[in-house]
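Structure first, then comments.
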Amino acid sequence: MMPDVKKSSVVHRNDMPLYAIGVAAELVGITDQTLRLYEKHGLIKPARRNKNRYYSENDIKWLQCIRDLIHHRKISIEGLKLLLDYAPCWEITNCPEQKKSMCSAFVNKSMSCWELSKKRCIKENGVNCEDCIVYLKSIKKP
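Heads up: the sequence shown runs through residues 83 to 224, numbered per our numbering.
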């Protein structure tokens, strides 16, 4: 049985939460505790099933990026969170040029897409705002 996936959304192969926390930690080269720490700080939001965490291929790539920034570039978790706060969403999510030109947040950079449109946007791959790292970071601000 697969982890919870909304039936109405399209789930691409790289977005399927397949890896349990131990496997994900081994793939990334960190410990389970480090993955939990990244989650606590809002850097990752794994899928859940029966209180277990599951990570997708895209989550693994993002975790490798986080690990490299922290361990090789010597950026602290707090520093990384600040960078994410200032990075535009289209750079974090790698939006294609055609989509950026139609994006209200790209045209009007003073507000986020969900604030401008007064509704949740859905990316081309079917990911809702509540699963988007940019949206998740914004709702965790005090």
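Beta carbons: idealized from backbone N, C-alpha and C, even for Gly. From a predicted model like this one, the values you see are computed outputs, not experimental measurements.
- Annotation for Asn140: the continuous alpha helix (DSSP H) segment containing it runs 139-153.
- Boundaries of the alpha helix (DSSP H) harbouring Arg118: 114-122, taken from the DSSP string.
- About 12 Å separates the Cβ atoms of Pro128 and Asp114, ruling out a contact at the 8 Å cut-off.
- Rounded to the nearest whole angstrom, the CA to CA distance from Lys156 to Arg131 is 33 Å.
- For Arg131, the uninterrupted beta strand (DSSP E) segment begins and ends at 129-131.
- Residue pairing by DSSP places Arg135 opposite Arg130 in a beta bridge.
- DSSP lists Tyr137 as the beta-bridge partner residues of Tyr101.
- In terms of Cβ geometry, Leu109 and Ile126 do not form a close pair [threshold 8 Å].
- In this structure, Asp97 sits near Ser138, with a CB-CB distance shorter than 8 Å.
- Annotated three-state conformation of Gly161 is helix, per DSSP.
- If you compare the alpha carbons of Leu165, Ala107, Ile103 with that of Tyr136, the shortest gap goes to Ile103.
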